[in-house]
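There are 2 protein chains.
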Amino acid sequence: MDSNCRIDFQPLGRRIHTQNGANIFQVARDDRVGLASTCGGKGTCGKCKVRIVSGEVSPSDEREKRALSVEEIAQGYRLACLTKVYGDLKVEIPIESLVVAQRVQLSGEGKGTVVDPAIRAITVSLSRPSREDSRSDQVRLTEYLAENHGLADIHIDLYVQRRLSVILRQNEWRAKIALHGSEVVTAARAEDRLLGLAADLGTTSIAAYLTDLQTGEILATKGMMNPQIAYGEDVISRIAYAMDHDGEALQKTVVDGLNRLIGELCSAPGLSPDGIAEVVLVGNTAMHHLFLGLPVRQLILAPYVPAASDALYTKARDIGMAVSPGAYVHTMPNIAGFVGADHVAMLLAAGLKDTNATTIGIDIGTNTEITLSANGQLSSCSCASGPAFEGAHIKNGMRAAAGAIEKVRIDGDLVTLQTINDQPPVGLCGSGILDAVAQLLGAGIIDAMGKLKSHPCVRQTEAGKEFVLATREASGTGKDITLTEKDISEIQLAKGAIASGINILLSKANIAWHEVGQFIIAGAFGTYIDVTSAISIGMLPPLPLQRFSQVGNAAGVGAKLGLISKTQRQMAVDIARRVNYVELTSYPGYPKVYANALRFAPATNWRENG
Amino acid sequence: MDSNCRIDFQPLGRRIHTQNGANIFQVARDDRVGLASTCGGKGTCGKCKVRIVSGEVSPSDEREKRALSVEEIAQGYRLACLTKVYGDLKVEIPIESLVVAQRVQLSGEGKGTVVDPAIRAITVSLSRPSREDSRSDQVRLTEYLAENHGLADIHIDLYVQRRLSVILRQNEWRAKIALHGSEVVTAARAEDRLLGLAADLGTTSIAAYLTDLQTGEILATKGMMNPQIAYGEDVISRIAYAMDHDGEALQKTVVDGLNRLIGELCSAPGLSPDGIAEVVLVGNTAMHHLFLGLPVRQLILAPYVPAASDALYTKARDIGMAVSPGAYVHTMPNIAGFVGADHVAMLLAAGLKDTNATTIGIDIGTNTEITLSANGQLSSCSCASGPAFEGAHIKNGMRAAAGAIEKVRIDGDLVTLQTINDQPPVGLCGSGILDAVAQLLGAGIIDAMGKLKSHPCVRQTEAGKEFVLATREASGTGKDITLTEKDISEIQLAKGAIASGINILLSKANIAWHEVGQFIIAGAFGTYIDVTSAISIGMLPPLPLQRFSQVGNAAGVGAKLGLISKTQRQMAVDIARRVNYVELTSYPGYPKVYANALRFAPATNWRENG
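So the protein sequences, as listed, match chains F and Y.
Under this note's numbering, read the first sequence as residues 56 to 665, first letter to last.
Under this note's numbering, read the second sequence as residues 56 to 665, first letter to last.
Here it is, written out as structure tokens:
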């Protein structure tokens, strides 16, 4: 087969080689990408809808135009079974087209909190104007608020002012207004619901939560891939694109994506994007800057300086968000160029500020952020752990979706695999890769430098040695699924970076590893890893297991807390201000610490002295 | 001649009937519209540039495309000598194409004031980031402002934040920033000038003043017609257009016009619209609402309620103004639906708040605003005086431009005329119309009801009686210039409305006309009228002449004061709040007062009792 095109199926992270002219649906079916269909690829059921993020495909025909809406066509949606590959492609599979959805991290642990939003709703009932009382609508409202609610110096946003006159006259001079401080940011009918949106803007995926701002109730929850992925999978390549071209395309892309997500969140009756009176957003510093259209060049050049780091309030309309036009977007504070508001939100959700125990909070990803709370001090660092745990740079890597190997056990020559949804294996997700390395190490099949020894499952290929986890007979793709020495080396780089970061924070605080009383692991990957495996390869310190907690998407929880509680929002500001940021590369002993942490030698990987 | 098309030359207010297919330049030349040309209409000098505001004209040819810029063509500019009339037209003659410019009211009396602008400029010099100090640009600036200037809780506008990082890095970490309260609204190079713009947004014309915000110096001054004139000459017809269509076109039109004017004001080297850190704007309530895009429907329906009346701060970008994107537009407060911020600014400039004498301030226009200051109280009203004084609804009316009759003396059968720039007469401007009526009344040629008696210059036409001021031999247009009985009746309606307003304010305050110690007349028309004529027709009370002062464009002066002094700006807010607005039509005796004021009977037109 002439394999000259690559299709990158997102959000699964499945990369499949195929030939020019191949049918996208057939490629997906042959490689067990779980794409929905009831007609079997005849173009009649319309269920295999995908979005072409980038790359050349065949033009659409009449059947497709009938199956898709004008909007969908404009956004790049196609029916996979009627579309041919004409080059390397990025294809987004929307959640409704996946047979079994990718695990999207929407839930997460977090402490209960009192509903005390920054936005205050007031239902007003004004007197009707007359020749004797021809005060302007503005003065009529502000005087009402002064008399009935003791509010002074009220300012009405221009866009609210534009619609206020109509709302009052159509609703017997009654309205529900929302105040942000002393500013009226929305005006609606008295019976309309006041909504808020919290979002966690990740490099790979976006999670968003629609909330009733008056009750704190979560009304809807949705996730999507970050559509900026079309401009690069990681932060650095997106910043490079912004520098070579301009940041506007990236800014517009992510806002358009969020607007689509908001539209879906508000699809239930009685909900409307226009009712969203406030947005709270967290993300890493680069996502934060690209979202706000801030300059990013200085973010990736030493000394890695953010344009802005404090919590900001920005009018949603200034960044093109399709919510109530007077609404503010509150972006929670960043700590440094590589420790963003998502980490702050995680620390908030995990209650790191309140804990008396010596605690480490960690969010593992392409970039791993670590915070140590000890002796009343907070210190944070960031380490470049690379994309291996997201399945990238790994031969058979993929994200956590149906058919991904998530657990591996090796007992002599017997290899046992557990896959997501018990499907035939199609690749390895992060937790599976970690497990595989830990098991190989435990079975003595790899040495401390990560080299494969001889074993019935180890074979030599042109590209180097590899361990066969599943043969083509057992796999869902008809091809062997293997872990290569290069894959193992990627894991070494990742675990070395993380262990170095932990060690240096401990060292700066003069604390030994075993003094850590609580170890909080957040984020999509962190939720599913086997902590024992992580300990056995020397990625995490060998603390008793009960000291670890895996808290899920704590960043999203933190954003939700910031949305419904101004006390929690202020706590996030306090956390960000209190953190002492440690730049690892300027730590004198860093190269030596890193070299030691790279070895698979858990007994000597950790700092002993308090 | 087949006169089936009308050309309305603005800002002159000259309406000329001509035939379909006529050449615009020739029509203008024949009727003495002072259109510039050095080639005599051959299409070579490019000086007769005009803008087609509305209506059908011949397509442009290659010669025109060479003579005009792409921008000019896009904006509707044409060479008059290469353009034929294909229907009723509105044609704007830009100031540079007028042989003798229309009188534009840019200057005006006003009290000197201390420069104390609301915008504060600070030149900052920040430390350079390092690995040891990787604070964000935002925090670096705000901490500098806290340490060096004692400023807390500083907020940086998003658009400023977007450019700040680049400015700092290109200028050795130095910048000039401008603060509006605790918000950074611009960031520029340390050597850049900080500019401010004051504008008086009239229904007919716009006057704008470019100011150095640090010194208070006026750098440039320009006037233009209000381009909304394409949607109707008066407030009511524009509001009707906004109701039938939408207000957006009107909003965009006036902002585009202002942006052109700003471009011209900033044409000198070292000046740039981007350097304008604040705009202060006054206008009548309708112009204010149309400028901000506020709803106007309720403005012309009883009880004539403005959407907003207090002073507002709006981001310039939210209304599309091409100034520094973080800049605010401060719109001074309105008093009521028909008493706007231009009147407040006039009261501010005239110092009406400070005066101890019983004072009347009046701004005569299509709508006339009157304020009485007496016994420490301010009361205002508005009267519909109609467009007669702007030359509209008058057979040979025109605005104050070259050739307009501005003074009339009648001595027996001898009629003496004075025209602007001593050109042959082409029409009557407001002051000439007023003078003519006063002279006809003084000479006993019209009676108290405005009817023409017999006289050698009075003739009967199909449309009624008229007085011939200039015969076709003496006129510049080759046609008789006359004042008709209908014209006189228009003046009666105007003066009746004004006198009623004055009388009712006096009556409510229990003051007799002769107790008024000071009478301030503002505005374009008010500057040029002969007060004696106005008294003799009963439009103004017969006070000793030294009690009157004609102060020119006091609204523009008030806007300038508000721009360079926050004390003055606050005074305007105080004035607007203190004013007691009197709705004339709900005053019980109004019909009787008005009926009496309509008569040409100055001796009985005024309220006698204190």
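Ideal Cβ placement from N, Cα and C applies to all residues, glycine included.
Owing to the predicted nature of the structure, the values given are computational and were not obtained by experimental measurement.
query	result
For residue 342 of chain Y and residue 386 of chain Y, the rounded distance between their alpha carbons	11 Å
Simplified DSSP assignment, three categories, for residue 522 of chain F	strand
Helix, strand or coil at residue 606 of chain F [DSSP, three-state]	strand
Nearest neighbour of residue 534 of chain Y, chosen from Y:86, Y:371 and Y:90 [CA to CA]	Y:86
Pick from F:258, F:578 and F:276 that is closest to residue 290 of chain F, judged by C-alpha positions	F:258
Proximity below 8 Å, CB of residue 358 of chain F to CB of residue 389 of chain F	no
Reference residue 483 of chain Y, options Y:80, Y:537, Y:319 and Y:511, closest by Cα	Y:537
Neighbourhood of residue 346 of chain Y by C-beta, 8 Å cutoff - its chain only, sequence neighbours within 5 removed	256, 306, 309, 310, 336, 338, 374 and 386
is_contact[residue 670 of chain Y, chain F] using C-beta, thresh 8 Å	The question about residue 670 of chain Y has no answer, for chain Y in this structure spans 56 to 665.
Interface residues of chain F facing residue 523 of chain Y [CB-CB closer than 8 Å]	Chain F residues near residue 523 of chain Y: none, gap ~46 Å exceeds 8 Å.
Residues near residue 576 of chain F in its chain [Cβ-Cβ closer than 6 Å; skip 5 each side]	417 and 605
Candidates F:632, F:402 and F:430: closest to residue 424 of chain F by CA position	F:402
The segment 538-558 of chain F touching the segment 448-468 of chain F, judged by at least three CB pairs closer than 8 Å	yes
Near-chain Y residues of the segment 378-399 of chain F - C-beta to any C-beta below 8 Å	389, 391 and 392
Where the alpha helix (DSSP H) containing residue 64 of chain F begins and where it ends	Here residue 64 of chain F belongs to no alpha helix (DSSP H); instead the beta strand (DSSP E) covers 60-65.
Alpha-carbon spacing of residue 260 of chain Y relative to residue 467 of chain Y, whole angstroms	38 Å
Buried/exposed call for residue 97 of chain F, threshold 16 Cβ in 10 Å	exposed
Residue from Y:572, Y:65, Y:457 and Y:186 whose Cα sits closest to the Cα of residue 530 of chain Y	Y:457
Any non-hydrogen atom of the ligand FAD within 7 Å of residue 527 of chain F CB	Questions concerning the ligand FAD fall outside what the structure shown contains, since it holds no ligand whatsoever.
Presumed contact (8 Å Cβ cut-off) between residue 671 of chain F and residue 204 of chain F, rounded CB distance	Outside the shown range of chain F, which is 56 to 665, sits residue 671 of chain F, and nothing can be said about it.
For residue 574 of chain F, the residue or residues it bridges with in DSSP	F:415 and F:603
Proximal residues of chain A, C-beta to C-beta of residue 361 of chain Y below 8 Å	This model lacks chain A altogether; the protein chains it does include are F and Y.
Cα-Cα separation, residue 435 of chain Y to residue 275 of chain Y	33 Å
Validate contact between the segment 119-135 of chain F and the segment 100-110 of chain F using beta carbons, cut 8 Å, 3 pairs	yes
Burial state of residue 237 of chain F (16 or more Cβ within 10 Å)	exposed
The segment 637-648 of chain Y contacting the segment 611-627 of chain Y, beta-carbon criterion three pairs below 8 Å	no
Nearest-angstrom Cα separation, counted from residue 406 of chain Y out to residue 165 of chain Y	In this prediction, residue 165 of chain Y scores a pLDDT of 43, lower than 50, which makes its location untrustworthy; the coordinate-derived value is nonetheless stated afterwards. Cα to Cα, residue 165 of chain Y sits roughly 8 Å from residue 406 of chain Y.
Neighbour flag for residue 217 of chain Y against chain F, beta carbons, 8 Å	yes
Contact residues within the segment 622-642 of chain Y, judged by C-beta distance below 8 Å to chain F	636, 638, 640 and 641
Rounded straight-line distance, which links the Cα of residue 197 of chain F to that of residue 210 of chain F	8 Å
Delimiting residues of the alpha helix (DSSP H) encompassing residue 672 of chain F	Here chain F comprises residues numbered 56 to 665, so residue 672 of chain F is not present and cannot be evaluated.
Per DSSP, the bridge partner or partners of residue 482 of chain Y	Y:459
Unbroken alpha helix (DSSP H) run spanning residue 224 of chain Y, endpoints	213-225
Closer than 8 Å to chain Y by CB, residue 646 of chain F	no
Minimum Cβ-Cβ distance from residue 116 of chain Y to chain F less than 8 Å	no
Below-8 Å beta-carbon distance, residue 657 of chain Y vs any chain F residue	no
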